[in-house]
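Undergrad: Top line first, the protein sequences correspond to chains A and B.
Residues in the first sequence are numbered consecutively from 1, following UniProt numbering.
Residues in the second sequence are numbered consecutively from 1, following UniProt numbering.
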Amino acid sequence: MNAFLSAAGLLPDQSGHFGTFGGRFVPEALIAALDGLDAAYRHAQADEAFQAEFGRLLRDYANTPSPLYRADRLSAHAGARVFLKREDLNHTGAHKVRNVLGQALLTKRMGKPRVIAETGAGQHGVASATACALLDLECVVYMGEEDTRRQALNVARMRMLGATVVPVTTGSKTLKDAINEALRDWVTNVDTTHYLLGTAAGPHPFPAMVRDFVSGISVEARRQILEQTGRLPDAVAACVGGGSNAIGAFHAFVPDESVALYGFEAGGDGVETGRHAASITGGSTGVLHGARTYLLQDEDGQTIESHSISAGLDYPAVGPEHAYLHDTGRASYEPVTDAEAMAAFKLLCRVEGIIPAIESAHAVAGALRVIPKLAADLGREPVVVICLSGRGDKDMDTARDFFGV
Amino acid sequence: MKLPSDHKILMPYLTGGAVADWTDHLRALIDAGADAIEIGLPFSDPTLDGATIQEATHAALTRGATLRGILTRVSEVAGTVPLVASTYANLVVRDRDFCGNLRDAGFDGLIVPDLPLEECAEFENQDLDLVLLASPATTDERLDEIARRSRGFVYAVTVMGTTGERETLAASAADLARRLTNRCELPVLLGFGISTPAQAAQAAQLADGVVIGAAIMRRVLDGAGPAELGAYLRSIREAMDEG
């Protein structure tokens with residue numbers, strides 16, 4: 001089945017397509033840079049010294065492999081044996097550190113002194129600023145003006161780490177516009193600058209490269225679950241915005257036909273209200289930010305502003321490999337509303353003593369929803385791995401307002 | 001599309017629907033000596049546009065401009081000079097009838113800056129000329145392919161950057177123009193950052209003509225009427241013709 005080609009390293013194809021998705025919808029001026037990035041990445045993949053340095057930083061700096069934690073009280077609540085992949089325990093508090101270390105090392109290798117990045121909630125911006133401080137790279141982060149206000153603490157973090165934060169005042173002044181502005185910077189400064197894209201989206205080779213850098217999530221989880229239970233899980237669940245933690249959590253499991261893969265999108269107020277960020281379940285196919293994929297757009301093809309209580313999922317498109325996994329049926333995508341996510345957020349706080357990122361709470365909520373059906377289909381208690389992609393310290397203002405605590 | 005070969009080509013750009021009387025502007029540009037007109041079909045995420053055309057795009061969408069509405073208005077001026085639509089890939093790839101609808105409305109060509117060689121095959125050989133773009137970073141090998149596959153003309157993006165006015169013509173313009181004109185039978189038009197009569201005259205010497213975009217849209221956004229816009233374009237036309 002075609003879906004398995006992606007895990008076998010055969011997808012994307014040479015021009016960056018996952019079936020009809022992906023590709024390179026960028027100005028001619030960026031083609032040479034993307035070719036250069038693709039070549040540098042392929043050389044780095046085969047270079048033992050690069051892999052050794054990446055491995056050392058992942059282990060000693062980023063604190064991975066992250067634990068796979070058997071969550072007994074959540075399991076009792078869920079009616080499944082639930083294991084949490086604790087990406088929240090990584091340095092900078094999320095899976096994103098894996099991607100930024102990989103790309104920052106690659107930037108050094110390409111001899112470029114400057115990095116630009118986009119950020120919504122600020123998590124990828126903080127991670128990028130961290131990796132750039134570590135590797136002595138200039139770092140400029142584009143962030144929607146609206147988001148700089150909502151996430152002032154992360155702006156301060158980035159500045160402490162030495163990054164320049166540029167508030168973006170165009171369009172809706174959020175993540176989508178920050179990416180637009182980063183692309184404009186890149187086309188102007190491409191000789192000296194690497195665009196450290198924060199998710200498995202964008203033009204080829206970004207979706208494949210980011211997937212590979214974060215795929216340690218599933219490589220580790222697969223080994224850990226076999227060690228702990230002697231078997232593969234029945235399902236893997238992750239939240240999907242752009243989709244980097246989900247593709248990282250899925251990748252090594254894609255060839256395992258018995259493992260169901262669930263991506264939970266941000267349903268906002270409910271897909272039926274139109275106020276959501278569920279690109280696959282509530283969108284249609286088109287081209288945004290360099291790739292053909294699912295996106296939120298009106299009947300004229302203008303992108304629609306997304307809505308989610310979770311800034312990290314508040315993006316009107318999705319990485320092209322998810323579009324492909326959806327169309328081939330290998331992975332299932334469902335929306336989770338703000339209210340469902342916040343209920344799961346509170347539950348995890350109370351039964352496990354873990355404050356998750358609101359993004360990750362979408363994965364918990366979605367898993368809780370599908371477990372009864374899984375159990376019924378299997379005729380037994382399922383084993384489920386949930387990717388806890390990040391910690392929730394950054395979300396305490398939102399939680400305080402939501403719960404009135 | 002048929003572009004003149006007996007003089008330097010002047011192709012002004014106008015964002016469709018940016019102001020209420022934009023088709024009056026269109027007529028004024030034709031009367032002032034435009035050889036062809038590039039009409040921007042607004043897209044919400046114009047990643048290759050600088051501040052001016054972003055603002056024009058935003059103004060058009062805020063005014064409620066739609067593709068259908070713009071195509072209807074374009075029909076009013078069709079048949080005068082070649083009309084070339086420009087927009088981003090999303091509008092093109094999502095609608096099977098897109099090229100046909102443009103043709104029916106009177107367009108002769110189409111420019112899609114985020115549809116490079118790798119992705120454009122399914123939109124070539126339609127009944128609309130797909131105009132390909134070249135950049136200073138484009139390799140000679142790719143320029144050969146662009147020269148071979150482009151239709152109507154080749155759009156030479158003279159700078160590494162976004163659309164917008166610049167004080168001087170980029171040094172990269174001359175090099176790209178030379179590399180392209182050497183291998184291209186089609187006309188080569190230079191664009192991005194050309195705004196003054198002197199720059200236009202200088203650029204026209206390097207190739208077969210120029211595209212003027214942001215300088216026009218800045219005037220339109222600042223409230224210039226058709227007469228003022230026509231006078232501006234006439235000053236460009238005269239400078240180019242004097243060489």
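For every residue, glycine included, the Cβ atom is placed at its ideal position computed from N, Cα and C.
(1) Pull up the distance between the alpha-carbon of A/A71 and that of A/V82, whole angstroms please.
(2) From the DSSP output, in three-state form, read off A/C387 for me.
(3) Output needed for B/D6: all residues of its chain with C-beta closer than 7 Å, excluding positions within five of it in sequence on either side, in chain order.
(4) For a test of the three-state rule: what should DSSP assign to A/L161, helix, strand or coil?
(5) Does any C-beta atom of chain B lie closer than 8 Å to the C-beta of A/V190?
(6) Which same chain residues end up closer than 8 Å to A/L135 when comparing Cβ atoms and leaving out the 5 residues on each side of it in sequence?
(7) For A/G19, count the other beta carbons within 10 Å of its own beta carbon; 16 or more makes it buried, fewer makes it exposed. Which is it?
(8) Excluding the 5 residues preceding and the 5 following A/A344 in the sequence, name in chain order all residues of the same chain whose CB lies nearer than 6 Å to its CB.
(9) When you compare only the Cα positions, how much space is there between A/M160 and A/S172?
(10) Would the beta-carbon of B/E124 fall within 8 Å of that of B/L130?
(11) Closer than 6 Å by C-beta to B/D45: which residues in its own chain qualify, once you throw out the five before and the five after it? Chain order, please.
(12) Between A/Q224 and A/A201, what straight-line distance do the alpha-carbon atoms span, to the nearest angstrom?
(13) Counting only C-beta atoms, is A/I280 closer than 8 Å to chain B at any point?
(14) Using 8 Å as the Cβ pair cut-off and three pairs as the minimum, do the stretch 196-214 of chain A and the stretch 51-68 of chain B touch?
(15) So if I threshold CB-CB distances at 7 Å, which residues from the stretch 19-45 of chain A count as touching chain B?
(16) Could you run through the stretch 80-100 of chain A and flag, in chain order, every residue whose CB is less than 8 Å away from some CB of chain B?
(17) Quick one: what's A/R86 bridged to in DSSP?
(18) Whole angstroms are fine: how far does the CA of A/L313 sit from the CA of A/E265?
(19) What does A/R369 pair with, by DSSP beta-bridge criteria?
(20) My guess is that B/L61 and A/Q302 are in contact by the Cβ rule of under 8 Å, so how many angstroms apart are they, rounded?
(21) Along the stretch 155-170 of chain B, where does the CB come closer than 9 Å to a CB of chain A? Name the residues.
(22) Within the continuous beta strand (DSSP E) that includes B/P12, where are the two ends?
(23) Comparing the C-beta of B/L190 with each C-beta of chain A, is any distance below 8 Å?
(24) Under a CB-based cut-off of 8 Å, is A/T285 close to chain B?
(25) Quick one: is A/L288 near chain B, going by C-beta distance under 8 Å?
(26) Could you tell me the boundaries of the alpha helix (DSSP H) in which A/F403 lies?
TA: Reading it off the structure:
(1) Residue mapping note: residue 71 of chain A aligns to position 71 of the first sequence, counting from 1. Residue mapping note: residue 82 of chain A aligns to position 82 of the first sequence, counting from 1. Roughly 6 Å between the two C-alpha positions.
(2) As a working mapping, residue 387 of chain A is identified with position 387 in the first sequence. The answer is strand: DSSP assigns A/C387 an E or B state.
(3) Taking the first residue of the second sequence as 1, we reach residue 6 of chain B at position 6. Excluding the 5 residues flanking it on each side, B/D6 has no same chain C-beta neighbour closer than 7 Å.
(4) In the first sequence, the residue the question calls residue 161 of chain A occupies position 161. Residue state, collapsed to three classes: coil.
(5) In the first sequence, counting from the first residue as 1, residue 190 of chain A sits at position 190. Look at A/V190: its C-beta is under 8 Å from a C-beta on chain B.
(6) By 1-based counting over the first sequence, the position of residue 135 of chain A is 135. Non-local beta-carbon contacts of A/L135 in its own chain, meaning distances under 8 Å to residues more than five positions away in sequence, involve A104, L105, T107, K108 in chain order.
(7) Numbered from 1 along the first sequence, position 19 holds the residue referred to as residue 19 of chain A. Buried, by the Cβ-count rule.
(8) Sequence index remark: in the first sequence, residue 344 of chain A carries index 344 (1-based). These residues qualify, in order along the chain: A361, V364, A365.
(9) Position 160 of the first sequence, counted from the start, is the residue given in the question as residue 160 of chain A. Position 172 of the first sequence, counted from the start, is the residue given in the question as residue 172 of chain A. When the Cα atoms are used, A/M160 and A/S172 turn out to be separated by approximately 27 Å.
(10) As a working mapping, residue 124 of chain B is identified with position 124 in the second sequence. As a working mapping, residue 130 of chain B is identified with position 130 in the second sequence. A contact, by the Cβ cut-off of 8 Å.
(11) By one-based count along the second sequence, residue 45 of chain B stands at place 45. Excluding positions up to five away in sequence, the list is empty.
(12) Position 224 of the first sequence holds residue 224 of chain A. Position 201 of the first sequence holds residue 201 of chain A. Distance between the alpha carbons of A/Q224 and A/A201 is about 28 Å.
(13) For this step, residue 280 of chain A is matched to residue 280 along the first sequence. Closer than 8 Å: no.
(14) Note that the stretch 196-214 of chain A does not touch the stretch 51-68 of chain B; fewer than 3 beta-carbon pairs, one per stretch, sit closer than 8 Å.
(15) Residues G23, R24, F25, V26, P27, E28, A29, I31, A32.
(16) Going along the stretch 80-100 of chain A in chain order, one finds no residue with a Cβ nearer than 8 Å to chain B.
(17) In the first sequence, counting from the first residue as 1, residue 86 of chain A sits at position 86. When beta bridges are read from the DSSP output, A/R86 appears opposite A/L388.
(18) Your numbering for residue 265 of chain A matches position 265 in the first sequence. Your numbering for residue 313 of chain A matches position 313 in the first sequence. If you take the alpha carbons of A/E265 and A/L313, they lie about 8 Å apart.
(19) For this step, residue 369 of chain A is matched to residue 369 along the first sequence. DSSP lists no partner for A/R369.
(20) If you number the second sequence from 1, residue 61 of chain B lands on position 61. If you number the first sequence from 1, residue 302 of chain A lands on position 302. In this structure B/L61 is in contact with A/Q302, their Cβ atoms being roughly 6 Å apart against a cut-off of 8 Å.
(21) Those residues of the stretch 155-170 of chain B placed with their C-beta closer than 9 Å to a C-beta in chain A are V157, V159, M160, G161, T162, ordered along the chain.
(22) As a working mapping, residue 12 of chain B is identified with position 12 in the second sequence. Start and end: 9-15.
(23) Walking along the second sequence from the start, residue 190 of chain B turns up at place 190. False, the Cβ-Cβ gap to chain A never drops below 8 Å.
(24) Within the first sequence, residue 285 of chain A is the residue found at index 285, counting from 1. Taking Cβ atoms only, chain B reaches closer than 8 Å to A/T285, which makes this a yes.
(25) As a working note, residue 288 of chain A is residue 288 in the first sequence. A/L288 has a beta carbon lying within less than 8 Å of a beta carbon in chain B.
(26) As a working mapping, residue 403 of chain A is identified with position 403 in the first sequence. Unbroken alpha helix (DSSP H) run through A/F403: 396-403.
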